[in-house]
Amino acid sequence: MEKDQVEEITYDVAQYIKFEMPVLNSFIMKLKEEEDREITKLTRRYSRAIIRLLCVLRTNCTDETARKQQKGATKIVAE
């Protein structure tokens with residue numbers, strides 16, 4: 001490596017260099033598991049939010065359609 005391409009290693013990174021590969025791999029596995037749990041949690045949360053939103057939109061559309069039909073029926077009865 002050329003001298004100008006060498007970067008300083010921070011203490012936070014340097015403290016992990018002394019670990020053996022199996023230990024480092026276990027860190028990576030734990031981080032991956034945590035990431036997967038977080039993804040699952042967020043997916044569930046937003047899936048429920050989307051379902052609620054769709055229900056609200058359907059209800060509003062249904063209510064709106066019913067109101068229009070009622071107004072049309074009222075006009076016919078009034079005539």
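For the sequence shown, the UniProt record's numbering assigns the number 1 to the initial residue and increments by one for each residue that follows.
C-beta: ideal position from N, C-alpha, C; glycine also.
What you are looking at is a predicted structure, and each value in this text was computed from that prediction instead of being measured.
Please classify residue i: does DSSP put it in a helix, a strand, or coil?
i   : result
F27 : helix
T10 : coil
K18 : coil
T59 : helix
Quick one: what's got a C-beta closer than 8 Å to residue i's C-beta in the same chain, skipping five residues either side?
i           : result
residue 119 : Because the chain is modelled from 1 through 79, residue 119 falls outside the range shown and cannot be assessed.
Apart from the five residues just before and just after residue i, which ones in its own chain have a Cβ nearer than 6 Å to its Cβ?
i   : result
I50 : none
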